[in-house]
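Numbering (the UniProt record's numbering), first residue to last: 1 to 305.
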């Protein structure tokens, strides 16, 4: 039986935060969550796009409880400020979806804090965000969803140079960031179980979804990868709305597998109905996951206790 948004239970009274929710997968995810009654925080860096996203969601769901809140994942100070605003409210967070990201930047760029942009934005800032919001999520027995990718299959955690200060290459760096997200989801569940945080940590990927991620990542340049991706779109891709389904499944399934992974179930998990996805061997390496966690705490200055 195919899972659809009709299977999502009523989410009234629940608070959901979606990063990167002003476009693409994040916006599609937020639209559905708001339509199911959740209070949704659109956590992103562009207030103008945030206002547009709010208007769009309310045009579809007039009674939606939705609001924009500034979060720039290229800045740990922004992550801290965002978390402090929410901690000040004391409101438990029921769902956190770490969706925002950048892809395959053609040249090495850095965040405000000096991290390689893909690793810093896609992974490190989300690691810091979860750590800072942990008290509010523990209170709600939250569902925490990390966005990975089929790209994790060829990923490698470069522990001796996580920020690719040498030998930068766009695609391997992106693969590392998405492998790190998946490993984070699995390790977070291990630690939640060990420390009694009462979280359900899962990961999801959208398959090959038609969003602006490729074009944005390549800054509009007609790279070989971008051109190839465009040629494959007609056969292997699906819409952003369909790509959001595994994310929504991971976020709302009543009894997900703790530390589980969800994605499209069609050919090579590129598109198709949402279901259980395959976690590759390197993502299950508990020793590397522990070392990555320790280094992430050191780099971000955020410890989980």
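C-beta atoms are modelled at their ideal positions from N, C-alpha and C, and glycine is treated no differently. The structure displayed is predicted, hence computed values, not measured ones.
Return helix, strand or coil for residue i, following the three-state DSSP convention.
{"i": "residue 164", "result": "coil"}
{"i": "residue 156", "result": "coil"}
{"i": "residue 286", "result": "helix"}
{"i": "residue 44", "result": "strand"}
{"i": "residue 210", "result": "strand"}
{"i": "residue 110", "result": "strand"}
{"i": "residue 237", "result": "coil"}
{"i": "residue 137", "result": "helix"}
Starting from residue i, trace the beta strand (DSSP E) both ways and give me its first and last residue.
{"i": "residue 17", "result": "15–19"}
{"i": "residue 173", "result": "Residue 173 -> not in any beta strand (DSSP E); alpha helix (DSSP H) instead, spanning 170–195."}
{"i": "residue 88", "result": "Not the beta strand (DSSP E): residue 88 falls in the alpha helix (DSSP H), residues 76–89."}
{"i": "residue 67", "result": "65–70"}
Are the beta-carbon atoms of residue i and residue j separated by less than 8 Å?
{"i": "residue 126", "j": "residue 109", "result": "no"}
{"i": "residue 266", "j": "residue 272", "result": "yes"}
{"i": "residue 19", "j": "residue 97", "result": "yes"}
{"i": "residue 42", "j": "residue 53", "result": "yes"}
{"i": "residue 51", "j": "residue 73", "result": "no"}
{"i": "residue 203", "j": "residue 240", "result": "no"}
{"i": "residue 8", "j": "residue 257", "result": "no"}
{"i": "residue 143", "j": "residue 89", "result": "no"}
{"i": "residue 79", "j": "residue 139", "result": "no"}
Within its chain, find whatever has a CB closer than 7 Å to the CB of residue i; leave out the 5 residues flanking it on each side and keep chain order.
{"i": "residue 217", "result": "Low confidence applies to residue 217: its pLDDT is 49, below 50, so where it sits in the model is not reliable, and the reading given next is rough at best. Excluding positions up to five away in sequence, the list reads 102, 103, 104 and 105."}
{"i": "residue 154", "result": "175"}
What does a CB cutoff of less than 6 Å around residue i pick up in its chain, not counting 5 residues either side in sequence?
{"i": "residue 289", "result": "183 and 187"}
{"i": "residue 220", "result": "Per-residue confidence for residue 220 stands at a pLDDT of 44, beneath the threshold of 50, marking its modelled position as unreliable; the derived number appears in the next sentence. Here the set comprises nothing."}
{"i": "residue 293", "result": "187"}
{"i": "residue 14", "result": "38 and 94"}
Name the two residues that bound the continuous alpha helix (DSSP H) containing residue i.
{"i": "residue 309", "result": "Because the chain is modelled from 1 through 305, residue 309 falls outside the range shown and cannot be assessed."}
{"i": "residue 52", "result": "47–60"}
{"i": "residue 249", "result": "245–252"}
Please tell me whether, using a cut-off of 7 Å, the distance from the CB of residue i to the nearest non-hydrogen atom of the ligand COA is below it.
{"i": "residue 277", "result": "As far as ligands go, the structure on display features none, and thus does not contain the ligand COA."}
On the DSSP bridge assignment, give the partners of residue i in chain order.
{"i": "residue 146", "result": "98 and 203"}
{"i": "residue 274", "result": "264"}
{"i": "residue 125", "result": "Residue 125 is not bridged to any residue."}
{"i": "residue 39", "result": "15 and 65"}
{"i": "residue 269", "result": "Bridge partners of residue 269: none, in fact."}
{"i": "residue 116", "result": "110"}
Spatial neighbours of residue i within its chain, please: CB distance less than 8 Å, with the 5 preceding and 5 following residues excluded, ordered by chain position.
{"i": "residue 269", "result": "150, 205, 207, 263, 277 and 278"}
{"i": "residue 156", "result": "172, 175, 176, 179 and 282"}
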